[in-house]
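Enquirer:
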Amino acid sequence: MMKSRIPLVLLACGSFNPITNMHMRLFELARDHLHQTGRYQVIEGIISPVSDSYGKKGLVSARHRIEMAQLALETSDWIRVDPWESEQEKWTETVKVLRHHYNESLRSLQFRKGLMRNNWPIERATEDFLSSLDPGLFVMFPQS
């Protein structure tokens, strides 16, 4: 009998000044490796650019870095750019960014479970799969 895989979210925090092919390739390599172990199911990748107050010399405005990342990822069906960290007034510790995304994942899961209970149409996912999504396990890439 096959064990169920542990759902996993990949999170990369950094300046993404600019986003590069290797940033995106890291997600692909990590997902492939984790899937090959047979233990994990990567359900999402998140790129989280730092705020303008990060203080890195030559840092392009967050608005432009977000836009560049969105353009670079427009063909991805599982990696997305999240602007939350870049919208903070000051640099945000990585653990706080991780906590934010963990809480957002939990809220999303609870919303989806509510839709399933009410028989409202959502993406084709089974109740078993949704029940197994406890996004307590995030893999983070080091900051760039």
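Here our numbering = 1-based position in the sequence shown + 545.
Ideal Cβ positions, reconstructed from N, Cα and C, are used throughout, including at glycine.
Given the structure is predicted, the values throughout are model-derived calculations rather than measurements.
For a quick check, are the C-beta atoms of residue 614 and residue 596 less than 8 Å apart?
Expert: It is not a contact, given that the beta carbons lie outside the stated cut-off.
Enquirer: Going by beta carbon distance, what residues of the same chain come within less than 7 Å of residue 565, once the five residues before and after it are set aside?
Expert: For residue 565, where only same-chain residues beyond five positions count, there are no Cβ hits under 7 Å.
Enquirer: Could you compute how far the alpha carbon of residue 631 sits from the alpha carbon of residue 625?
Expert: Cα-Cα distance, rounded: 14 Å.
Enquirer: Count the other C-beta atoms from every protein chain shown that fall within 10 angstroms of the C-beta of residue 567, then say buried if there are 16 or more, exposed otherwise.
Expert: By the neighbour-count rule (16 or more Cβ atoms within 10 Å), residue 567 is not buried but exposed.
Enquirer: From residue 652 to residue 590, what distance separates their C-alpha atoms?
Expert: Those two C-alpha atoms are separated by around 17 Å.
Enquirer: What's the call for residue 665, buried or exposed, on a 16-neighbour Cβ count within 10 Å?
Expert: Legend: pLDDT at residue 665 = 47, less than 50; position of this residue unreliable, no value from coordinates given.
Enquirer: Thinking C-beta only, is residue 642 closer than 8 Å to residue 593?
Expert: In this structure, residue 642 lies closer than 8 Å to residue 593 by Cβ.
Enquirer: Contact defined as beta carbons within less than 8 Å: I believe residue 550 pairs with residue 585. What is the distance between those atoms, to the nearest angstrom?
Expert: Yes, residue 550 and residue 585 are in contact; Cβ-Cβ is about 6 Å, under 8 Å.
Enquirer: Might you give, ordered along the chain, the residues of its own chain that have their beta carbon closer than 7 Å to the beta carbon of residue 645, omitting 5 neighbours on each side?
Expert: Excluding residues within five positions, the ones whose Cβ falls inside 7 Å are 629.
Enquirer: Since residue 581 is in the beta strand (DSSP E), which residue starts that stretch and which ends it?
Expert: It is not in any beta strand (DSSP E) - residue 581 instead sits in the alpha helix (DSSP H) that spans 566-581.
Enquirer: Is it true that the CB of residue 636 sits closer than 8 Å to the CB of residue 599?
Expert: Their beta carbons are under 8 Å apart, which means residue 599 touches residue 636 by this criterion.
Enquirer: Assuming residue 579 contacts residue 553 (C-beta within less than 8 Å), just tell me the rounded distance between them.
Expert: Going by Cβ atoms, the distance from residue 579 to residue 553 rounds to 6 Å, so yes, they are a contact pair.
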